[in-house]
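One structure is given here, and the rest of the page talks about it.
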Amino acid sequence: MPSPKRIVILGSTGSIGTQTLDVIEHLSATNSGHRFEVVGLAAGSASDALLAQVGRTGARFVATAKPGEVDGVEHRFVGDDAAEQLVHAAHADGGVDLVVGAIVGSAGIGATLAAVDLGIDVALANKETLVAAGELVVAHANRSGARLLPIDSEHSAIWQCVQGQTSQRPPMRLPDSVERMILTASGGALRGLSAEEVYNATPKQALAHPNWSMGPKVTVDCASLMNKGLELIEAHWLFGIGADRLGVLVHPSSTVHSFVEFADGSVIAQMGAPDMKAPIQYALTYPDRPAGCATRLDLGKLTNLEFYEPDAKAFPAIGLAYEVIRRGGTSGAIFNAANEEAVGAFLAPENADGGVVPFGLISDLVAGAMRDVEVSAVTDLSCIHAAGELARAHVREGLSARA
Ligand code: NAD
Ligand code: MG
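Residue numbers for the sequence shown, in this note's numbering: 178 to 580.
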């Protein structure tokens, strides 16, 4: 039996983090040949959920952005860069085989980049890291040899469609025979509404996702199709593919997770129930496929395998994302930070009825930041943070001008 893989889970109390722990427990309980030692856990706060996870896993390294008591751990880190410190400390103390990047938003950039710099493989859910800092993350991974193993279901699907054909060195360069990749989108909670109804949707409406159960930020991103925009940019960095070879189709049942179209006209799709445990497990056990714990598709009951083009007028996010891929530089950092700031305002308690920040304003504010904030070349992390701060300030100005 090989020794257990030493794993660190960043964002362990969230939707992806908790499902990652479920998958790890499943793999250990089923003689899958894959065992893990959870060395470290990072979360936003020292919540009861985190304390329970520490007890359940015996993690010796614990990081939280906010202060709070966590009894009985040997190495405790607190503050904005706590997750990054944890990665360094756990690596120095016996090494880390895999970091799961499941912090939400740009808060995950520093720790992901730290892992990549140390040459540690990263199973990545935190798409915002690649959107804002993809150029750096990919360059650093190339230098250190760290692999980026996608957890996001669409990217996992593409990775599975070309299994065994990607280059060993990161990023996962695709074979020349790949002509296009098409990401599927559920369409989110507001699918089928008129452009005006979408614009005026409330947080409650935007958070009612029909297929996936996820954290609030990514659920709102799904409703605006900003999530698909972020994923186009994520695919661009992960697979080294240009905007002209990337497409999106709305697919309401979320059973086809993406398509790859080849030069000979063949199209390969990856399917499965909408259950993140499947792509999480694939990233943890790649290239093996041990018995899984995700919900199974009942192929005999599949109906409504529908696909259609997204409504570009009601959902401007897709067009903005293509612009980011074409412009490069700090445009991804601007796009991502503006969206985070706008979604934060949309989800703020004082906007519970949607009256202050209507849903459509999120895309307007992101478009405004992309129009007005100057794009520069990416040289290091500080220029990514600086561009992000300018974008956030621009969004805040836009919001206060309305108040
Ligand atoms: P979530 O809101 O449920 O969880 C976020 C986690 O990050 C929590 O553990 C939280 O405590 C932690 N966190 C927040 N700020 C932090 C900080 N400053 N330092 C350390 N930890 C911090 O989010 P989620 O739905 O699990 O999504 C996580 C990431 O995965 C996002 O980037 C999302 O886009 C991506 N993703 C999620 C899904 C899904 O099904 N949930 C699918 C694909 C991709
Ligand atoms: Mg996804």
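We put the beta carbon where it would ideally sit given N, CA and C, even for glycine. If you're wondering where the values come from, they're calculated on a predicted model, not measured in any experiment.
Worksheet item: Do the segment 379 to 395 and the segment 501 to 510 meet, that is, are 3 or more Cβ pairs less than 8 Å apart?
Response: no
Practice prompt. Please confirm whether P456 and S371 have their CB atoms less than 8 Å apart.
Written response: no
Fill in: Length at least 4, wholly inside the segment 261 to 312: the alpha helix (DSSP H) runs in chain order
286 to 294
Fill in: Residues near G285 by beta carbon distance below 6 Å, same chain, minus five either side
G278, N303, T306
Practice prompt. Give the single residue among F436, G322, A489 whose Cα lies nearest to the Cα of S401.
Written response: A489
Discussion item. Since H428 and E483 should fall inside the 8 Å C-beta cutoff, what is the C-beta to C-beta distance between them, to a whole number of angstroms?
Written reply: Right, their Cβ atoms sit about 7 Å apart.
Item to complete: Give the DSSP bridge partners of R253, in chain order.
Response: Paired residues: V239.
Worksheet item: Quick one: what's P451 bridged to in DSSP?
Response: Per DSSP, none; premise fails for P451.
Practice prompt. Quick one: using the 10 Å Cβ neighbour count with 16 as the cut-off for buried, is K243 buried or exposed?
Written response: exposed
Worksheet entry | Own chain partners of H268 with C-beta closer than 7 Å, once the 5 adjacent residues on each side are dropped | L295, I297
Discussion item. I need the straight-line Cα distance from P380 to S390, nearest angstrom please.
Written reply: Taken atom to atom, the span from the alpha-carbon of P380 to that of S390 is near 15 Å.
Worksheet item: Hey, how far is the Cα of S540 from the Cα of R212?
Response: 43 Å
Item to complete: Give the DSSP bridge partners of T361, in chain order.
Response: L426
Worksheet item: In the DSSP assignment, what are the bridge partners of L325?
Response: V299
Fill in: Q342 burial status per 10 Å Cβ neighbour count (16 or more: buried)
The residue in question, Q342, is exposed, as its Cβ has fewer than 16 Cβ neighbours within 10 Å.
Worksheet entry | Buried or exposed by the 16-neighbour rule on C-beta atoms within 10 Å, applied to S205 | exposed
Worksheet entry | Range of the contiguous alpha helix (DSSP H) that encloses I418 | That residue, I418, is in no alpha helix (DSSP H); it is neither H nor E in DSSP.
Practice prompt. Could you tell me which residues DSSP pairs with L187 in its beta bridges?
Written response: A219, G278
Worksheet item: Whose C-beta lies closer than 7 Å to the C-beta of A578 among residues of the same chain, with five residues either side of it excluded?
Response: Contacts found: none.
Worksheet item: Could you check where the beta strand (DSSP E) with F512 kicks off and where it finishes?
Response: The continuous stretches of beta strand (DSSP E) do not include F512, which lies in the alpha helix (DSSP H) extending over residues 508 to 524.
Worksheet item: Going by the C-beta, is S180 closer than 7 Å to any heavy atom of ligand 1?
Response: no
Worksheet item: Considering S431, what are the terminal residues of the alpha helix (DSSP H) in which it resides?
Response: Here S431 belongs to no alpha helix (DSSP H), and DSSP marks it neither H nor E.
Worksheet item: Thinking just about the alpha-carbon of each residue, which of D549, V550, I335, L198 is nearest to the one in K454?
Response: Nearest C-alpha to K454: L198.
Worksheet item: First and last residue of the alpha helix (DSSP H) that includes Q230?
Response: 225 to 234
Worksheet item: For the candidate residues A570, G217, G221, V355, whose alpha-carbon lies nearest to that of S443?
Response: Here the closest residue by C-alpha is V355.
Discussion item. For a test of your reading of the model: does the CB of E408 fall under 7 Å from any non-hydrogen atom of ligand 2? Yes or no.
Written reply: yes
Fill in: Which listed residue (G245, A219, L524, D475) has its alpha carbon closest to that of G392
L524
Worksheet entry | Rounded separation between G282 and Q458 - CA only | 22 Å
Worksheet item: From the DSSP output, which residues share a beta bridge with Y485?
Response: According to DSSP, Y485 bridges with V427.
Worksheet entry | Cβ separation of E261 and G245, assumed to be a contact under 8 Å, to the nearest whole Å | About 18 Å separates the two Cβ atoms, so there is no contact after all.
Item to complete: Kindly indicate the opening and closing residues of the alpha helix (DSSP H) around A498.
Response: 494 to 504
Practice prompt. Would you mind working out which of D225, A378, S330, R350 sits nearest L131, comparing C-alpha positions?
Written response: Coverage of the chain is limited to positions 178 through 580, which leaves residue 131 absent and any answer about it impossible.
Fill in: Separation of V533 from H252, as counted between CA atoms
43 Å
Worksheet item: What does a CB cutoff of less than 6 Å around A240 pick up in its chain, not counting 5 residues either side in sequence?
Response: A219, F254, A259, A260, L263
Practice prompt. Under 8 Å Cβ to Cβ from L227, same chain only, skipping five residues before and after it: list those, please.
Written response: S189, T190, L218, A220, V239, T241, V247
Worksheet item: Could you give the residue range of the alpha helix (DSSP H) that holds T197?
Response: 192 to 206
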